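> Chains A and B, in that order, give the protein sequences. 8 is the number of the first residue of the first sequence in the numbering used here; add one for each residue after it. 35 is the number of the first residue of the second sequence in the numbering used here; add one for each residue after it. Each residue gets a CB set at the ideal place from its N, CA and C atoms; glycine is no exception. Keep in mind that this is a model prediction, so the values were computed, not measured.
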Amino acid sequence: MTIADGPALPKLIGERVKRREDPRLIQGQATYVDDIKLPGMLHLAFKRSDIAHGVIRSIDTSAAAAMEGVELVITGAELAEHLGPMPIGTPFPAPDHFSVATDKVRYVGEPVAVVVAEDRYIARDAADAIEVEYDELPAVVDPEAAMEADSATLHEGFERNIAVESYWGGTGVNPETAQPEDDSAVDAAFAEADVVVSQRMLNQRLAPNAMEPRGVVAQYEPGREYLTVWSATQNPHILRTLVAAMMGLGEHQVRAVAPEVGGGFGCKINIYGEEYVAAALSRLVKAPVKWIEDRTEAFLTTTHGRDLLGYIDLAAKSDGTITGLKARIIADIGAYEVLLTAMIPTLTGLMMNGVYRLPVVRHELTEVFTNKTPTDAYRGAGRPEGLYFLERAVDMVARELDMDPAEIRRKNFVPADEFPFATQSGLVYDSGNYEPCLDKALEVADWQGLLAERDAARAEGRIVGVGLSFYVEVCGLGPSAVVPTGGWEHSGVTVERGGKVTATTGASPHGQGNETTFAQMLADHFSIPLEDITILHGDTGVVKQGIGTFGSRSQAVGGAALISAAGKAGDKMKQFAAALMTDQEVSPEDLVFEDGRIQVEGAPEVSKTFAEVADYAYVPVPLPPGMEPGVSEEAFFEPENNTYPFGCHISMVEVDRDTGETKLLKLIAVDDCGNVINPLIVDGQVHGGLAQGIGQAMFEEVVYDEDGQPVTASFMDYVMPRAADLPVFELDRTVTPTPINPLGAKGVGEAGTIGSTPCVVNAAVDALAPFGVTHIEMPLRPERMWRLINEGGQS
Amino acid sequence: MIPTAFEYRRAGSVAEALSLLQEGGPEAKLLAGGHSLIPMMKQRLAEPGLLIDIGGLDELRGIQEDGGEIAIGAAMTHAEIAASDLLRAQAPIVAETAANIGDAQVRNRGTIGGSLAHADPGADLPAVMVALDATIALLGPNGERKVQAEDFFQDILTVDLAEDEIVTGVCFQACRSAAYAKLEQRASKFALVGVAAALSLDGGTCSSARVAVTGASSHAQRLSGVEGALAGASLPDGAASAASGAGDALDFVNEDLHGSEEYRRAMTAVFARRAIEAAAGRS
Numbered sequence: 008m009t010i011a012d013g014p015a016l017p018k019l020i021g022e023r024v025k026r027r028e029d030p031r032l033i034q035g036q037a038t039y040v041d042d043i044k045l046p047g048m049l050h051l052a053f054k055r056s057d058i059a060h061g062v063i064r065s066i067d068t069s070a071a072a073a074m075e076g077v078e079l080v081i082t083g084a085e086l087a088e089h090l091g092p093m094p095i096g097t098p099f100p101a102p103d104h105f106s107v108a109t110d111k112v113r114y115v116g117e118p119v120a121v122v123v124a125e126d127r128y129i130a131r132d133a134a135d136a137i138e139v140e141y142d143e144l145p146a147v148v149d150p151e152a153a154m155e156a157d158s159a160t161l162h163e164g165f166e167r168n169i170a171v172e173s174y175w176g177g178t179g180v181n182p183e184t185a186q187p188e189d190d191s192a193v194d195a196a197f198a199e200a201d202v203v204v205s206q207r208m209l210n211q212r213l214a215p216n217a218m219e220p221r222g223v224v225a226q227y228e229p230g231r232e233y234l235t236v237w238s239a240t241q242n243p244h245i246l247r248t249l250v251a252a253m254m255g256l257g258e259h260q261v262r263a264v265a266p267e268v269g270g271g272f273g274c275k276i277n278i279y280g281e282e283y284v285a286a287a288l289s290r291l292v293k294a295p296v297k298w299i300e301d302r303t304e305a306f307l308t309t310t311h312g313r314d315l316l317g318y319i320d321l322a323a324k325s326d327g328t329i330t331g332l333k334a335r336i337i338a339d340i341g342a343y344e345v346l347l348t349a350m351i352p353t354l355t356g357l358m359m360n361g362v363y364r365l366p367v368v369r370h371e372l373t374e375v376f377t378n379k380t381p382t383d384a385y386r387g388a389g390r391p392e393g394l395y396f397l398e399r400a401v402d403m404v405a406r407e408l409d410m411d412p413a414e415i416r417r418k419n420f421v422p423a424d425e426f427p428f429a430t431q432s433g434l435v436y437d438s439g440n441y442e443p444c445l446d447k448a449l450e451v452a453d454w455q456g457l458l459a460e461r462d463a464a465r466a467e468g469r470i471v472g473v474g475l476s477f478y479v480e481v482c483g484l485g486p487s488a489v490v491p492t493g494g495w496e497h498s499g500v501t502v503e504r505g506g507k508v509t510a511t512t513g514a515s516p517h518g519q520g521n522e523t524t525f526a527q528m529l530a531d532h533f534s535i536p537l538e539d540i541t542i543l544h545g546d547t548g549v550v551k552q553g554i555g556t557f558g559s560r561s562q563a564v565g566g567a568a569l570i571s572a573a574g575k576a577g578d579k580m581k582q583f584a585a586a587l588m589t590d591q592e593v594s595p596e597d598l599v600f601e602d603g604r605i606q607v608e609g610a611p612e613v614s615k616t617f618a619e620v621a622d623y624a625y626v627p628v629p630l631p632p633g634m635e636p637g638v639s640e641e642a643f644f645e646p647e648n649n650t651y652p653f654g655c656h657i658s659m660v661e662v663d664r665d666t667g668e669t670k671l672l673k674l675i676a677v678d679d680c681g682n683v684i685n686p687l688i689v690d691g692q693v694h695g696g697l698a699q700g701i702g703q704a705m706f707e708e709v710v711y712d713e714d715g716q717p718v719t720a721s722f723m724d725y726v727m728p729r730a731a732d733l734p735v736f737e738l739d740r741t742v743t744p745t746p747i748n749p750l751g752a753k754g755v756g757e758a759g760t761i762g763s764t765p766c767v768v769n770a771a772v773d774a775l776a777p778f779g780v781t782h783i784e785m786p787l788r789p790e791r792m793w794r795l796i797n798e799g800g801q802s
Numbered sequence: 035m036i037p038t039a040f041e042y043r044r045a046g047s048v049a050e051a052l053s054l055l056q057e058g059g060p061e062a063k064l065l066a067g068g069h070s071l072i073p074m075m076k077q078r079l080a081e082p083g084l085l086i087d088i089g090g091l092d093e094l095r096g097i098q099e100d101g102g103e104i105a106i107g108a109a110m111t112h113a114e115i116a117a118s119d120l121l122r123a124q125a126p127i128v129a130e131t132a133a134n135i136g137d138a139q140v141r142n143r144g145t146i147g148g149s150l151a152h153a154d155p156g157a158d159l160p161a162v163m164v165a166l167d168a169t170i171a172l173l174g175p176n177g178e179r180k181v182q183a184e185d186f187f188q189d190i191l192t193v194d195l196a197e198d199e200i201v202t203g204v205c206f207q208a209c210r211s212a213a214y215a216k217l218e219q220r221a222s223k224f225a226l227v228g229v230a231a232a233l234s235l236d237g238g239t240c241s242s243a244r245v246a247v248t249g250a251s252s253h254a255q256r257l258s259g260v261e262g263a264l265a266g267a268s269l270p271d272g273a274a275s276a277a278s279g280a281g282d283a284l285d286f287v288n289e290d291l292h293g294s295e296e297y298r299r300a301m302t303a304v305f306a307r308r309a310i311e312a313a314a315g316r317s
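1) Using a Cβ cut-off of 7 Å, pull out every chain A residue sitting near B/Gly293, in sequence order please.
2) Distance, Cα to Cα, B/Ala125 vs B/Ser211?
3) Less than 8 Å between the beta carbons of B/Ala116 and B/Ala132, yes or no?
4) Which of the three DSSP states is assigned to B/Asp2 in this structure?
5) Have a look at A/Ile63 and A/Asn277 and give me their C-alpha separation to the nearest angstrom.
6) Does A/Met48 come within less than 8 Å of chain B when only Cβ atoms are used?
7) Could you please tell me which residues of the stretch 772–800 of chain A, in chain order, have their CB closer than 7 Å to any CB of chain B?
8) Does the distance from the C-beta atom of A/Gly577 to that of A/Pro243 stay below 8 Å?
9) Given that a residue counts as buried once 16 or more other Cβ atoms are within 10 Å of its Cβ, and exposed if not, what is A/Asn797?
10) Measuring alpha carbon to alpha carbon, tell me which residue in A/Thr430, A/Glu496, A/Thr511, A/Ala342 is nearest A/His60.
11) Between the alpha carbons of A/Glu442 and A/Cys482, how many angstroms are there, rounded?
12) Given that a residue counts as buried once 16 or more other Cβ atoms are within 10 Å of its Cβ, and exposed if not, what is B/His353?
13) If we ignore side chains and look at the alpha-carbon of each, how far apart do B/Ile200 and B/Gly59 end up?
14) Using CA coordinates, which residue listed in A/Ala37, A/Gln36, A/Tyr114 is at the minimum distance from A/Asp712?
15) Does the CB of A/Arg131 have a neighbour CB from chain B at under 8 Å?
16) So which of A/Thr377, A/Tyr478, A/Ala286 has the shortest CA-CA distance to A/Glu228?
17) Could you tell me how far apart the beta carbons of A/Leu408 and A/Val203 are, in whole angstroms, since I believe they sit closer than 8 Å?
18) Span of the beta strand (DSSP E) holding A/Asn682?
19) Do you know whose CA, among A/Ala196, A/Gly654, A/Thr669, A/Lys579, lies nearest A/Pro632's CA?
20) To the nearest angstrom, how far is it from the Cα of B/Ala129 to the Cα of A/Cys274?
21) Hey, quick one: how far does the beta strand (DSSP E) through A/Tyr141 stretch, first residue to last?
22) Please list the partners that A/Arg302 has in chain B, where partner means a Cβ-to-Cβ separation under 7 Å.
23) Hey, A/Gly393 and A/Pro366: beta-carbon distance below 8 Å or not?
24) Looking at the structure shown, is A/Gln519 part of a helix, part of a strand, or coil, going by DSSP?
25) Taking Cβ positions, are B/Ala221 and A/Tyr385 nearer each other than 8 Å?
26) Cβ of B/Val260 within 8 Å of Cβ of B/Val245?
27) Distance check for B/Gly156 and B/His253, CA to CA, integer angstroms please.
28) Which residues of chain A have a Cβ atom closer than 7 Å to the Cβ of B/Thr38, listed in chain order?
29) From A/Leu51 to A/Ala124, what distance separates their C-alpha atoms?
30) Kindly confirm or deny that the stretch 259–270 of chain A and the stretch 231–240 of chain A touch, where touching means at least three C-beta pairs closer than 8 Å.
31) Beta-carbon within less than 6 Å of B/Met301's beta-carbon, same chain only, minus the 5 sequence neighbours each way: which residues are those?
32) At a CB-CB cut-off below 7 Å, which residues of chain A make contact with B/Leu257?
Set out below in C-alpha cells:
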C-alpha cells in the first residue's frame, strides 16, 4: 500500500481482525523453548521423589555419576550451597522451600537430585540410576484431618499444618487495628432470616495442563558475567528479578526471554525450582543447560489450581432478599508456598460479595499444608472458587423459596446507580450495570422457552435441567499496592525510519493475541496500516520493563501503557511534522493522523506523510529548537484500581437415566468486559474459558490416594474436556466501560471459567431436583450422577 | 516420557520378523501402530531392547471375504477397518467398533493385531471378536496356530501368544445382526464397560446368541447367562430381561476412579441390553 496515495484506512478497534500470530503457530514456524539449541548445550534430568512424605536417609549417586556422558550429579543438599530457599511473592509466613529437597520430601514428584548430561536420554537414564532411601512418614492428604492434633506435620513451626489463618466479618476488618470489627450483626442476620441454606462444597483440585509443558534453557557466560534464561513463562521480567536475586546477580546481568509460550493459565506465573537450578548449574558446569518438562512431570510438579473446601451459609428473607453470608474456607495448598500460593485463596473471600448487596459477611480462611503438589494461580485464581460457592448458595436459596433463579439475582443486584460500589470485603467495584446483562442473557437463551423445554422433556421421562449464574470478577491486576511485584505495566513505541512502528509491551502474551490487538490500537492511533506495526514482547533485552500477563491484565493495564506511550510518540511526530510545515505556520496541536498522513484537522491539503515525517525525525536537518532527534517513547501505566467485569451464563443439561452420563446441551454466555478491541479474540478467550470452566464442572479432578500417590497423573485418567464434549456456545455481550483506564477495557481472559462452572452445576442440580437432590459435588462423574438418580440426596 | 535405549529393526517379511523375534528372545517386542507399546515405553513400564517393526508388512494387510468368512490382516488400522465397505455391509459391528476407538490419531495408527495381542482390559475389539466367535491366526517357528478368541484372552494383558509368535490376522463368519455398545472411560476413551452381542434371529425371535463384555473385568469374556436367556427370547422386548443379570454373573470386576465394581456390574447389564437391542434392530 502506498501511503502517499492516501487510501482511506478503516478503523480497526472493534473489528474482528484475525490473529496475526496464528499462521506461524499453526505452520510450525514458531520458536518455543525446546526449539532453542545452543553450542555445547547440556541437558538436565531430575530425580524425583516417588513417595509423598519422608526423610531422605541416603542418596547414592555413584552409578549415575559413572555413566558415560554424565557431566555432573548433584543432590539437593549439595545444591543448597549454590541456591538458597526460593522467594515467594506474598507477605505470609512460609517454610523454607529449596529448589531440590535437602532433607525431607513432601510430595510425589519433588526433586531430590539433578543430573547434567550430554543428552536428554543419558540424563534420564542416570536419574533412574540414582538410589534414594527414605524413612517414610505418614502422608497428610485430607486438609481437615491435617489440622487435627494427631496429624503428621509437614513443616516445623507450622502447627497442625496451618499456613495461613484469616478472619473478617461484620463491618469488615478495622484497618487501624487489623482486628475484625464486632460481627454480632452476622449472627443477628442469621437469627432473623426466614431461610438459611448451609452447604459443604468442594471446589476440587485441577491440573492446568498448558499444551506446552514448562521448559528452561540457561546460559551463564563467565567472561561477561552475564546470564540469559529462556523459559516458558508468563512473566519474564519477574523471572529476571528473582533469578538474579537467587544467583547473587544484579538485574543488569540477567536477560530473561519468554519465546513462544504455549499456554500458561496461571501455572507459568510461578518461578520454579527448575529455572533456578538451570541457571545455577549453567554457571557451575560452564555450559548452557536445558530442561524440558515431560507430561508426567507436568502433572506431578507444575502447580495445581483450586482445591478449596467451603462451608457456606446464606441467609435470606422470604421475599428473596439476601441478608447475610458466612463462609468458612479451607484451602488445601499442597506441600509448599510458591510464588502466589497463599494469596490465591484470599481472592476467594474478597470476591464472595458477588454482584449482590450483602449487608453482612463473615469470612474465615484457613490454608493448610498437605503432601500434594503446591497450588498457585489457575485461570480465575480464587474468583471461580468464590463465585462457585456463592452462586450455588444463591441457587439453593431460590430453590428453597421456589423463586426463579434469575429473579432472586435481579432482586439482590447492586443497582447501577450505586457504582463505584464498596463491598463488604473492602473492594471498590469500578463500574457495573447488571440488569441489562441479565435481561440480555435471558433473551438470548429464551429463558422461559428453556424452562418450557425442560418441563416438556421431563414429561417424556427425560432428565433435563437448566441453570444460571451471574458473576463479577476482578481483572486488570494492579494496582501496585496489592500486587507484590508491582501492578503497573510498561510499553515502548518507536516510529522507525520509513514510518513503520515497533512497539514493546511488558505484558508477555502466551495466547492472548496482543500482537494483534495492540497493533489494532496503534493502527488507529497513528492511522497507519496494521502491517506497518510490529509488537515485540517476552524478552527483557528488548522490552525494557514489565510485569507480565496474569489476572486478565494485558489490555486493561498493558494496553493502557501502550496507548500512553503511543500518545507521547504521536506528540513528537506532530512536532516534527509542524517543523516541516514552516511555510504554513502550523501548530502541533492543530495536527491529526489521517490515512497515513499528518495533516491539519479538516485541511488534508496541509499535510505530510507519516513516512516523510519519520524520515525527518532521524535526519533532522535542521533540528527544531529544543528537540532531540528520533521518535522512541515509553510509558508506565499504574492503574488506580482493578476492573470488575461481570456476566451471566445459562446452561441446559441432560442426564442419562441408565448411566448417569451428563451431556451439556446448551451454554449461553453474555459477558461484559467493558470496551472490546477485537471481538474475535474476546470470543476466543470466552470459548477457552468456558471449556475450562465446564471442564471443572463436568470432567476434571486431580485425585490422590490415601498414601498421597497421585492417581490422575496422565491423560489416561485426568479427564480433559474435548471439543465433542461441548455444545456450540451462544455468546453475546453488554458493554459497561471502566473509568479506570483510557481504553474503558476491563479484561476477559478468565470470565469463562468463572461463570460457567456454577452455571453448569446449577443446571445439573436442577436436573436431579425431582430425585430430591440438593447439591452435587464436581466433577459430574457418571457414577456420581447414577447414584444420585438411584439414591437421591447429595454427593 | 523418555524411553530406555532400544534397537529398532524393520522387518521385510513375516518370516524375517519371526527370526528376529527368536534372535531377540525376551528382549524383543513387535511394533505395529505403537499405540499401546510406545506410551508404556515412554513411562518406562516396558523397556524392550529390540523393537521389530511389522507395521508395514503387506502379508499382514487386507480385508477379504471368502464363502461367508471374513479375514482381516493384523496390520490393518482401526481407521482402515472403519472405512471398509465390505465390513460395513457384512459385519457392521466391526467397522462401527473400530470407528469409535480412541480418537482419530489412535485410529490412524493403531492396528487390530496390536489391540488383540496387547489385550488391554478396556479394549473394544476383543469383546467383538469373542462375540463373533472369531479365530485368531498366529504364526510361530513351528508354523501356524489358530485360537478361538474366547480362549485367546486369558487375563489382564495376558493372551495365548508365545513370545516367538506373531498375530497375523483374524477371521470370522459374516454377521449383520451384531452390535457393540460401550460406556467410555471419559479420559482414555477405552471401554469402562463394553458389550458386543451377535444374534441369530428368526424373525423377532432369537435362536441363539453370543454376548461378550470388555472393560468390566480383567479380560474380554462371554456372558453365558445372557446368551442362555436370549435363546428363544423375542426381541427387542426381551432384551432388558435377558441382560438384567449380566453384571452380577461376572467373577471379577475392575474398580477404579472412573467406576466402582457396583457401577460396572450395573453398566454391564445396561450395555448388554443396548447391544442386544441394537443387534436385534439390524436386518
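Taking the coordinates as given:
1) As a first step, residue 293 of chain B must be located in the second sequence, where it is residue number 259. Neighbours of B/Gly293 on chain A, chain order: Glu790.
2) The residue labelled residue 125 of chain B in the question sits at position 91 within the second sequence. The residue labelled residue 211 of chain B in the question sits at position 177 within the second sequence. C-alpha separation (whole angstroms): 8 Å.
3) The residue given as residue 116 of chain B occupies position 82 in the second sequence. The residue given as residue 132 of chain B occupies position 98 in the second sequence. Contact flag set, yes.
4) Outside the shown range of chain B, which is 35 to 317, sits residue 2 of chain B, and nothing can be said about it.
5) The count along the first sequence starts at 1 and reaches residue 63 of chain A at position 56. The count along the first sequence starts at 1 and reaches residue 277 of chain A at position 270. In a straight line, the C-alpha of A/Ile63 is about 26 Å away from that of A/Asn277.
6) As a first step, residue 48 of chain A is located in the first sequence; it is residue number 41 there, counting from the start. No, A/Met48 lies away from the interface with chain B (no Cβ there is under 8 Å from its Cβ).
7) Glu790, Trp793
8) Here the question's residue 577 of chain A lines up with position 570 in the first sequence. Here the question's residue 243 of chain A lines up with position 236 in the first sequence. No; because the gap between Cβ atoms is not below 8 Å, this pair is not in contact.
9) Position 790 of the first sequence, counted from the first residue, corresponds to residue 797 of chain A. Per the 10 Å Cβ criterion, exposed.
10) As a first step, residue 60 of chain A must be located in the first sequence, where it is residue number 53. Looking at the Cα atoms, A/Ala342 is the closest of the given residues.
11) Within the first sequence, numbered from 1, the residue matching residue 442 of chain A stands at position 435. Within the first sequence, numbered from 1, the residue matching residue 482 of chain A stands at position 475. Distance between the alpha carbons of A/Glu442 and A/Cys482: 21 Å.
12) Residue 353 of chain B falls outside the range modelled here, since chain B spans only 35 to 317, and no answer is possible.
13) Within the second sequence, residue 200 of chain B is the residue found at index 166, counting from 1. Within the second sequence, residue 59 of chain B is the residue found at index 25, counting from 1. One C-alpha to the other measures close to 13 Å.
14) Here residue 712 of chain A refers to the residue found at position 705 of the first sequence. Among A/Ala37, A/Gln36, A/Tyr114, the Cα nearest to that of A/Asp712 is on A/Tyr114.
15) Sequence index remark: in the first sequence, residue 131 of chain A carries index 124 (1-based). With 8 Å as the cut-off, A/Arg131 counts as an interface residue toward chain B.
16) By 1-based counting over the first sequence, the position of residue 228 of chain A is 221. Of the candidates A/Thr377, A/Tyr478, A/Ala286, the one whose C-alpha sits nearest the C-alpha of A/Glu228 is A/Ala286.
17) Your numbering for residue 408 of chain A matches position 401 in the first sequence. Your numbering for residue 203 of chain A matches position 196 in the first sequence. No, A/Leu408 and A/Val203 are not in contact; Cβ-Cβ is about 12 Å, not under 8 Å.
18) If you number the first sequence from 1, residue 682 of chain A lands on position 675. Premise fails: A/Asn682 is in no beta strand (DSSP E) and is neither H nor E.
19) Locating residue 632 of chain A in the first sequence gives position 625, where the first residue counts as 1. Checking every option, the nearest Cα to that of A/Pro632 belongs to A/Lys579.
20) By one-based count along the second sequence, residue 129 of chain B stands at place 95. By one-based count along the first sequence, residue 274 of chain A stands at place 267. If I take the Cα positions, the gap works out to 42 Å.
21) Counting from 1 along the first sequence, the entry for residue 141 of chain A is found at position 134. Looking at the DSSP string, the run of the beta strand (DSSP E) that includes A/Tyr141 is 138–143.
22) Here residue 302 of chain A is taken as the residue at index 295 of the first sequence, counted from 1. By Cβ distance, chain B contributes Met35.
23) As a working mapping, residue 393 of chain A is identified with position 386 in the first sequence. As a working mapping, residue 366 of chain A is identified with position 359 in the first sequence. Not closer than 8 Å, so no.
24) Start at 1 with the first residue of the first sequence, and residue 519 of chain A comes out as number 512. Coil, per DSSP.
25) By one-based count along the second sequence, residue 221 of chain B stands at place 187. By one-based count along the first sequence, residue 385 of chain A stands at place 378. Not a contact, by the Cβ cut-off of 8 Å.
26) Walking along the second sequence from the start, residue 260 of chain B turns up at place 226. Walking along the second sequence from the start, residue 245 of chain B turns up at place 211. Yes, the pair counts as a contact, with Cβ atoms nearer than the cut-off.
27) Counting from one through the second sequence, the residue named residue 253 of chain B turns up at place 219. Counting from one through the second sequence, the residue named residue 156 of chain B turns up at place 122. Whole-angstrom Cα-Cα distance: 8 Å.
28) Here residue 38 of chain B is taken as the residue at index 4 of the second sequence, counted from 1. The answer, in chain order, is Asp132.
29) In the first sequence, the residue the question calls residue 51 of chain A occupies position 44. In the first sequence, the residue the question calls residue 124 of chain A occupies position 117. A/Leu51 and A/Ala124: Cα-Cα distance of roughly 7 Å.
30) yes
31) If you number the second sequence from 1, residue 301 of chain B lands on position 267. Excluding positions up to five away in sequence, the list reads Leu217, Val227.
32) Position 223 of the second sequence, counting from 1, holds the residue named residue 257 of chain B. Going along chain A, no residue has its Cβ under 7 Å from B/Leu257, so there is no contact; the nearest lies around 17 Å.
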